[in-house]
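In what follows, a single structure is set out as structure tokens and then discussed.
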Amino acid sequence: MEELNQLDAEFKQLSKKVKRKRNLTTLGISLLTILIVLGISYQASQVFVRKAYQKTDEYVAVLETIQAPNIQSNSRYITNNGLLSGTVTSHRYKEIAGYRVPWSAFNQPFGLFGWQNQADSSQDMLSDGYDRLTHQKVPVFYNDKAGKNAENNPKPNELEKMASMKNYVGEVALTFDRSYSYEEIRQLIPHNLEINWYWVGALGKENQASSGMPVIGYQAEKSEIKQESYEFFKKQLTLAKDQYEHQVNGISIYDKTWKQYKNIDQIAEAPFKGVIVTGRTEDFKQLVDQSFIQASSVGTTIECVPYINVKVNQ
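Under UniProt numbering, the sequence shown has 220 at position 220, and the numbering climbs by one with no breaks.
In structure tokens form, the structure reads like this:
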């Protein structure tokens, strides 16, 4: 009887060991499974985040090409970088007759579930027409389709005041009385002023300052848009239309602009409704009272200093 009790006790002890071992094995397998699932999930999430980043970076590059009026970028990188999200940040500046002026950075967030189209690279412009970070005045184009109401659609005429300034360089947005071809514009603007940016024209019936309507155009180099640059501009418009199209105030902004240029093959014939011009403020006197200028809006002005040379490349 005593032997049976001893065997029973040993059996129970062995049973406990087997059960404990089985539980530990089950726990180990469960933990390993969880780690494997977490690892696979993390790898999968990083694939989606990486794709979102690449798409976002491409989108920002498009905006910098077609929606940055006399605004250039010197670097683009990731900020606020987390496991499942981040922000593509573009550091920007303005080049005004040899003077480089800092401008608000453009920030485009992205994450595991993609990104949101922000529509405009001038997102930091305040309602009073100044850049949010630098507090520099933003040059705006006039939309004659918005009506003649001076309160809701003021028609700026600031060229004469700018031309009276001495020892300054500056930029001014010139809105033409009609669209002119690229070749015509090169003849209209004096050679001691530089055309930095060409504007395609108004997309809707609202004024730029209050509507949030993007300003679309193309950055020139030494006043010039070469044929290959114009073809790149058209490709970027096509990319924007096909992949980033959205409506602002009921208007498909990229499709409308693309249709305007799709059948115009040569840059010489491409129409533009305005330009941003830079140079010495005194040299703008040549443009005062010119009949082809419908409106003029001054942007950034900088006082000249002896250690920076004024550069105008026509």
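Backbone N, C-alpha and C define an ideal beta-carbon position, used for all residues, glycine too.
Return yes when the Cβ of T278 is within less than 9 Å of the Cβ of E158, no when it is not. no
Around the C-beta of G201, are 16 or more other C-beta atoms found within 10 angstroms, so that it is buried, or is it exposed? buried
Three CB pairs or more closer than 8 Å across the stretch 171-191 and the stretch 267-277: yes
Straight-line CA distance for P154 to E224? 30 Å
Assign D283 to buried or exposed, taking buried as 16 or more other Cβ atoms, counted over all protein chains shown, within 10 Å of its Cβ. buried
Between the CA atoms of K234 and K262 - distance to the nearest angstrom: 7 Å
Other residues of its chain near E80: CB distance less than 8 Å, five sequence neighbours each side excluded: At residue 80 the sequence reads Asn, which differs from the Glu that was named. Correct list, in chain order: G86, T87, P109.
Local conformation of L84 per DSSP, three classes: coil
Are the Cβ atoms of V288 and K137 separated by less than 9 Å? no
How many whole angstroms separate the CB atoms of I302 and Y59, which I take to be in contact at a CB cut-off of 8 Å? Actually they do not touch by this definition, with Cβ atoms about 31 Å apart.
Rounded to a whole number of angstroms, what is the C-alpha to C-alpha distance between V248 and M213? 6 Å
Rounded Cβ spacing between T89 and M165 (contact assumed at less than 8 Å): That belief does not hold up - the Cβ atoms of T89 and M165 are roughly 34 Å apart, past 8 Å.
State yes or no: is the C-beta of P139 nearer than 8 Å to some heavy atom of the ligand ZN? Here there are no bound small molecules, and the ligand ZN is not part of this structure.
T79 bridges to which residues according to DSSP? T87
Quick check on Y244: does DSSP put it in helix, strand or coil? coil
Roughly how many angstroms separate the alpha carbons of E171 and F292, rounded to a whole number? 18 Å
Return the bridge partner residues of Q219 from the DSSP annotation. W197
N23, buried or exposed, once every other Cβ within 10 Å from all chains shown has been counted against 16: exposed
Could you check which residue in A146, R20, L84, T300 has the C-alpha nearest to that of F49? Phe is not the amino acid found at residue 49; the sequence shown has Val there. Measuring from the Cα of V49, the nearest candidate turns out to be L84.
Suppose contacts are defined by Cβ-Cβ distances below 9 Å. Is W197 in contact with Q219 by that definition? yes
Buried or exposed for S121, please, with buried defined as at least 16 other CB atoms from any protein chain shown within 10 angstroms of its CB. Residue confidence for S121 is low, a pLDDT of 45 falling below 50, so the modelled location carries little weight; the figure read from the coordinates is stated next. Under this definition S121 is a buried residue.
Chain-order list of residues whose beta-carbon lies under 8 Å from that of S45 (same chain, five-residue window excluded): L83, L84, L112
Please list the terminal residues of the continuous alpha helix (DSSP H) segment that includes D255. 253-261
On the DSSP letters alone, give me the boundaries of the beta strand (DSSP E) that E183 sits inside. Taken as a continuous stretch (DSSP letters only), E183 belongs to no beta strand (DSSP E), being part of the alpha helix (DSSP H) at 182-188.
Once DSSP output is grouped into helix, strand and coil, what is the label at Y59? helix
Between which two residues does the beta strand (DSSP E) harbouring A105 extend? 99-111
Supposed close pair V312, A97 - CB separation, criterion 8 Å: 6 Å
Rounded separation between T25 and I40 - CA only: 22 Å
Taking just the CA atoms, how far does D265 sit from K256? 17 Å
Restricting to Cα atoms, I'd like to know which of D144, D57, V37 is closest to Y244. D57
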